[in-house]
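What follows is a set of notes on a single structure, which appears directly below.
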Ligand SMILES: *Cc1c(COP(=O)(O)O)cnc(C)c1O
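In my numbering, the protein residues as written are 1231 to 1578.
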């Protein structure tokens, strides 16, 4: 199978498994796991943040950030298609008691401009409205197609948010992909954010884990919430050992995933029934409009699956994601299968 559903399907490398087997461990709830501590220190150093916390998942990292930056009854503003709003099972309402106020980006990139964010803010001391506490950004923007937000764009939002007394959390699940596409550093892309989360387990290939970062005070509070949410993990150095390789080594090969995604997009753009502009594919995620095929995304995904390709669809689009377990040969193979599948008049 050629699994293009997501970069979450990546498996740990041989080097990761070897590092896991020989990891030096301790009780991380006591702060005594040397491998976890090393990973956290190294992440904080790379991102130029005061402190970092290893958490089991990106969702937990995001939800801890929302919790620490808000109090029950607050509102938090983010783009309509953001992961925290659409794909975290209303956790922010349950855990933090906050209301998410989604704002739909007018831009194809899905990245909100300050004037759009402003439409969702509630800052007055009104007797009947809640107050905005937090803005959440996402870089790369997953459901908008792995699009990137520049350092300047992010800095401008943070600056205006801070003037208004608001915090900014960045869901940087794929921030290393963004840094590569923008030819900059992850620290430049996250410098002004009050907190940032990135996933070790997606394109970076670790089996489990994310890192949440921010000020020392923020991370102290985050550590308490990780424990309350059941994320205190004892000998977690077994996982952090793989995470360390993901952090140090994997970013060096992400350009292969981006090149594969671009090639896939260029190939798909040749198929008349598909709508995709290869110029818009700047990282490892492609969103292809299938509305001209006259088929549903489910028909197409099912047929592709029968022919050895896993894709993920909704509405009238399918999403394809390249990652470290996809070779350029498999991109060619996928293109051939997709071309044949769409040529076949009788999909069902
Ligand atoms: C995958 C993802 C997450 C959540 O990460 P998990 O480790 O799957 O919980 C958060 N934000 C974005 C943008 C993601 O793509």
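Virtual Cβ for every residue (Gly too), placed ideally from N, Cα, C.
Asked, Found
"Proximity test, residue 1392 beta-carbon vs ligand 1 heavy atom, cut-off 6 Å", "no"
"CB of residue 1373 within 7 Å of CB of residue 1311, strictly", "yes"
"Residue closest to residue 1461, alpha-carbon to alpha-carbon, out of 1287, 1521 and 1538", "1287"
"Rounded Cβ spacing between residue 1412 and residue 1378 (contact assumed at less than 8 Å)", "5 Å"
"Sub-7 Å separation of residue 1339 and residue 1551 beta-carbons", "no"
"Same chain only: Cβ atoms within 8 Å of residue 1325, ignoring 5 sequence neighbours per side", "1293, 1296, 1297 and 1459"
"Length at least 3, wholly inside the stretch 1270-1325: the beta strand (DSSP E) runs in chain order", "1281-1285 and 1305-1309"
"Pairwise C-alpha distance: residue 1355 and residue 1246", "52 Å"
"Contiguous alpha helix (DSSP H) assignments of at least 4 residues, all confined to the stretch 1404-1446", "1405-1411 and 1416-1420"
"Neighbour-count burial assignment, residue 1335, 16 or more Cβ in a 10 Å radius", "buried"
"Residue 1397: first and last residue of the uninterrupted beta strand (DSSP E) it sits in", "1397-1401"
"For residue 1478, three-class secondary structure by DSSP", "helix"
"Sequence ranges, alpha helix (DSSP H) only - wholly within the stretch 1467-1540, length at least 4", "1467-1478, 1484-1499 and 1527-1536"
"Residue from 1426, 1264, 1361 and 1365 whose Cα sits closest to the Cα of residue 1452", "1426"
"Limits of the unbroken alpha helix (DSSP H) element including residue 1366", "Per DSSP, residue 1366 belongs to no alpha helix (DSSP H); it is in the beta strand (DSSP E), 1362-1368."
"Coil, strand or helix - residue 1377 by DSSP", "strand"
"Candidates 1541, 1445, 1530 and 1512: closest to residue 1486 by CA position", "1512"
"contact_flag[the stretch 1262-1271, the stretch 1465-1483] where n(CB pairs < 8 Å) is 3 or more", "yes"
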